[in-house]
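**Q**
Numbering (mature numbering (1 follows the signal peptide of the UniProt record, and there is no 0)), first residue to last: -24 to -1, 1 to 389.
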């Protein structure tokens, strides 16, 4: 997928996830819950400065060509393949070498790969974390050996001394997709949803689904004049999401919104199909919406609904992906919405950050733990633009600027 070449004029800045007003004490309760696996992508207005953290900067090139050790969580679906392929393409243009190893979702295997890169003496390590907590010690060992680390895909635990993480905004994309779902639903009609998540406990997974729930809550509050501010809706959605984790479901009568069940989809079509089939067996007569964490899960859910003869009675919405098959399903009216989350863009941006540090003089010592891409929805109104962009080669032209913590805070005021 090469979707980074196109950006909709409706792109939402990171700060749009937060209320657009100057911060005043006391800070809203939602921010006191951070860090939290279900709030990855929410920007804390009081995020701490990271300048004093040792990150093994500045980046130095030891030989004629920069050597990058890259440990990837998996190559199990096209999203990861496009990330690696296009990162390699851009690295070649800059005369960088990527030494790739695949961890196969094994924490111990990824840890051994990091140790191998340290022994090889690479100039920089890129980690796609198999585990947000387990990766902390891996990063610490690399930095102690004088090797800086960038993470991709999922931000590690805040203790990890990474430069930053190249990633889409999981909460933000989910939130905006949820708002869109509500806008396409009769406000008087009760939404009876099922939630199919990649893996419960993964920060990207939880944040996308929590975002989708919170976006629906915010939209329903506006439609039904319930008086919730954006931050109030974020807090309410968070609490409802926690009910799903603890009890398997929730009911919100005031908003006319229920989650009847959830299933684990493992980020794949097969997982989405199996989880949706299980949910249909118990909730099929009530269900009218499937909230799928990503495009692959959504594709599986759509297949399950078609097999059960329910494709016309149950909507499917995806929290993120922009995978080509999903774009075609939006075009056909089978998938309601997704949000940009290009594997290609994630990989290209990581290489571009390296280039800016090494060759452009970028001071990367106070970047946030995660550098999130702006959020853009893909809907029937703009899907043709993204289908056309899918055939374009990878490019750094539209990689958003890497902003320091000071710059982000200034933009939020």
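Every residue, glycine too, gets a C-beta built ideally from N, C-alpha and C. Every value quoted in this text rests on a predicted model; they were computed, and no experiment measured them.
Taking 8 Å as the threshold (C-beta atoms), are residue 187 and residue 151 in contact?
**A** As a first step, residue 151 must be located in the chain shown, where it is residue number 175. As a first step, residue 187 must be located in the chain shown, where it is residue number 211. In contact: residue 151 and residue 187 (Cβ atoms closer than 8 Å).
**Q** Report yes if the CB atom of residue 286 is closer than 8 Å to the CB atom of residue 363, and no otherwise.
**A** Reading the chain shown from its first residue, position 310 is the one you call residue 286. Reading the chain shown from its first residue, position 387 is the one you call residue 363. No. Outside cutoff.
**Q** Excluding five sequence neighbours on each side, which residues of the same chain lie with their C-beta closer than 7 Å to the C-beta of residue 237?
**A** If you number the chain shown from 1, residue 237 lands on position 261. Closer than 7 Å at the Cβ level, and outside the excluded window around residue 237, lie 170, 224, 225, 255, 258 and 259.
**Q** Would you kindly check if the distance between the Cβ of residue 66 and the Cβ of residue 316 is under 8 Å?
**A** By one-based count along the chain shown, residue 316 stands at place 340. By one-based count along the chain shown, residue 66 stands at place 90. Result no, Cβ atoms of residue 316 and residue 66 do not sit closer than 8 Å.
**Q** Please classify residue -10: does DSSP put it in a helix, a strand, or coil?
**A** Residue mapping note: residue -10 aligns to position 15 of the chain shown, counting from 1. Note on residue -10: pLDDT 40, under 50, position unreliable in the model; no value is reported.
**Q** Take the Cβ of residue 289 as the centre, count every other Cβ of all protein chains shown within 10 Å, and call the residue buried at 16 or more, exposed below.
**A** Translated into the one-based positions of the chain shown, residue 289 becomes position 313. Exposed, since its Cβ has fewer than 16 Cβ neighbours within 10 Å.
**Q** For a quick check, are the C-beta atoms of residue 13 and residue 103 less than 8 Å apart?
**A** Reading the chain shown from its first residue, position 37 is the one you call residue 13. Reading the chain shown from its first residue, position 127 is the one you call residue 103. At least 8 Å separates the beta-carbon of residue 13 from that of residue 103.
**Q** Give, in chain order, every unbroken run of the beta strand (DSSP E) that is at least 3 residues long and sits entirely within the stretch 311 to 345.
**A** none
**Q** What alpha helix (DSSP H) runs, 4 residues minimum, are completely inside the stretch 135 to 214?
**A** For the stretch 135 to 214, whole alpha helix (DSSP H) runs of length 4 or above, ordered along the chain, are 146 to 159 and 179 to 199.
**Q** Answer yes or no: do residue 175 and residue 136 have a C-beta to C-beta separation smaller than 8 Å?
**A** Counted from its first residue, the chain shown places residue 175 at position 199. Counted from its first residue, the chain shown places residue 136 at position 160. Not in contact: residue 175 and residue 136 (Cβ atoms no closer than 8 Å).
**Q** Let me check understanding here. Comparing Cα to Cα, which of 115, 162, 10 and 190 lies closest to residue 200?
**A** Looking up residue 200 in the chain shown gives position 224. The residue with the shortest Cα to Cα distance from residue 200 is 162.
**Q** Which same chain residues end up closer than 6 Å to residue 182 when comparing Cβ atoms and leaving out the 5 residues on each side of it in sequence?
**A** Here residue 182 refers to the residue found at position 206 when the chain shown is read from its first residue. For residue 182, where only same-chain residues beyond five positions count, the Cβ hits under 6 Å are 13 and 14.
**Q** May I ask you to list the residues that DSSP assigns as paired with residue 383?
**A** Here residue 383 corresponds to residue number 407 of the chain shown, with the count starting at 1. Beta-bridge pairing links residue 383 to no other residue.
**Q** Near residue 219, which residues of its chain fall below 6 Å by C-beta distance, leaving aside the five closest residues on each side in sequence?
**A** Along the chain shown, one-based indexing puts residue 219 at 243. Taken in chain order, the residues that qualify are 226.
**Q** Go to residue 16, then tell me how far its alpha helix (DSSP H) extends in each direction, as first and last residue.
**A** The sequence position of residue 16 within the chain shown is 40, counting from 1. Where residue 16 is concerned, there is no enclosing alpha helix (DSSP H), given that its DSSP letter is neither H nor E.
**Q** Since residue 78 sits in a beta bridge, which residues does DSSP pair it with?
**A** As a working note, residue 78 is residue 102 in the chain shown. Note: residue 78 sits in a beta bridge opposite 48.
**Q** Considering only DSSP beta bridges, list what residue 267 is partnered with.
**A** By 1-based counting over the chain shown, the position of residue 267 is 291. 171 and 293, per the DSSP bridge assignment.
**Q** If we call anything under 8 Å between Cβ atoms a contact, is residue 235 one with residue 268?
**A** Here residue 235 refers to the residue found at position 259 of the chain shown. Here residue 268 refers to the residue found at position 292 of the chain shown. Going by C-beta atoms, residue 235 is not nearer than 8 Å to residue 268.
**Q** Would you report the Cα separation of residue 314 and residue 101, rounded to the nearest angstrom?
**A** Counted from its first residue, the chain shown places residue 314 at position 338. Counted from its first residue, the chain shown places residue 101 at position 125. Computed Cα separation, rounded: 31 Å.
**Q** Report all residues from its chain with a CB closer than 6 Å to the CB of residue 332; omit the five preceding and five following residues, and keep chain order.
**A** The sequence position of residue 332 within the chain shown is 356, counting from 1. These residues qualify, in order along the chain: 338.
**Q** Compare the Cα-Cα distances from residue 221 to each of 19, 173 and 194 and report the closest residue.
**A** Along the chain shown, one-based indexing puts residue 221 at 245. The shortest Cα separation from residue 221 among 19, 173 and 194 belongs to 173.
**Q** Taking the C-alpha atoms as reference points, what is the distance between residue 346 and residue 298?
**A** On the chain shown, position 370 is the one that residue 346 refers to. On the chain shown, position 322 is the one that residue 298 refers to. If I take the Cα positions, the gap works out to 21 Å.
**Q** Mark residue 326 as exposed unless 16 or more other C-beta atoms lie within 10 angstroms of its C-beta, in which case mark it buried.
**A** One-based indexing of the chain shown puts residue 326 at position 350. So residue 326 ends up on the buried side.
**Q** Buried or exposed: residue 335, going by 16 or more other Cβ atoms within 10 Å of its Cβ?
**A** Indexing the chain shown from 1 puts residue 335 at position 359. Residue 335 is exposed by the Cβ-count criterion.
**Q** Rounded to the nearest angstrom, what separates residue -2 and residue 271 at their Cα positions?
**A** Locating residue -2 in the chain shown gives position 23, where the first residue counts as 1. Locating residue 271 in the chain shown gives position 295, where the first residue counts as 1. Residue placement at residue -2 cannot be trusted, given a pLDDT of 39 that sits under 50; what the coordinates show is reported in the next sentence. Taking the straight line joining both Cα atoms gives about 36 Å.
**Q** Residue 28: buried (16+ other C-beta within 10 angstroms of its C-beta) or exposed?
**A** Here residue 28 refers to the residue found at position 52 of the chain shown. Classification for residue 28: exposed.
**Q** Grab the span of the alpha helix (DSSP H) containing residue 110 for me, first residue to last.
**A** Along the chain shown, read from residue 1 onward, the residue named residue 110 stands at position 134. Residues 110 to 120.
**Q** Contact check, residue 276 vs residue 245 under 8 Å by CB: the rounded distance?
**A** Sequence index remark: in the chain shown, residue 276 carries index 300 (1-based). Sequence index remark: in the chain shown, residue 245 carries index 269 (1-based). Confirmed, about 4 Å.
**Q** According to DSSP, simplified to helix, strand and coil, what is residue -4?
**A** What you label residue -4 is simply residue 21 of the chain shown in a count that begins at 1. Note on residue -4: pLDDT 41, under 50, position unreliable in the model; the coordinate value appears next. Residue -4: coil per DSSP, three-state reduction.
**Q** Alpha carbon to alpha carbon, how far is residue 149 from residue 57? Give it in angstroms, no decimals.
**A** For the purposes of this step, residue 57 is taken as residue 81 along the chain shown, with counting starting at 1. For the purposes of this step, residue 149 is taken as residue 173 along the chain shown, with counting starting at 1. Residue 57 and residue 149 have their alpha carbons spaced roughly 22 Å apart.
**Q** Does the Cβ of residue 232 have 16 or more other Cβ atoms within 10 Å, making it buried, or fewer, making it exposed?
**A** As a working note, residue 232 is residue 256 in the chain shown. Buried is the call here.
**Q** Which partner residues of residue 43 appear in the DSSP bridge assignment?
**A** Your numbering for residue 43 matches position 67 in the chain shown. 73.
**Q** Could you tell me which residues DSSP pairs with residue 309 in its beta bridges?
**A** Here residue 309 is taken as the residue at index 333 of the chain shown, counted from 1. Looking at the DSSP assignment, residue 309 forms no beta bridge with any residue, so it has no partner.
**Q** How about residue 19 and residue 340: do their beta carbons lie closer than 8 Å?
**A** Position 43 of the chain shown, counted from the start, is the residue given in the question as residue 19. Position 364 of the chain shown, counted from the start, is the residue given in the question as residue 340. Going by C-beta atoms, residue 19 is not nearer than 8 Å to residue 340.
**Q** In whole angstroms, give me the CA-to-CA distance for residue 45 and residue 92.
**A** On the chain shown, position 69 is the one that residue 45 refers to. On the chain shown, position 116 is the one that residue 92 refers to. Straight-line Cα distance between these residues: approximately 9 Å.
**Q** Which first and last residues belong to the beta strand (DSSP E) in which residue 236 is found?
**A** Translated into positions along the chain shown, residue 236 becomes position 260. It spans 233 to 240 - the beta strand (DSSP E) in which residue 236 sits, taken as one unbroken run.
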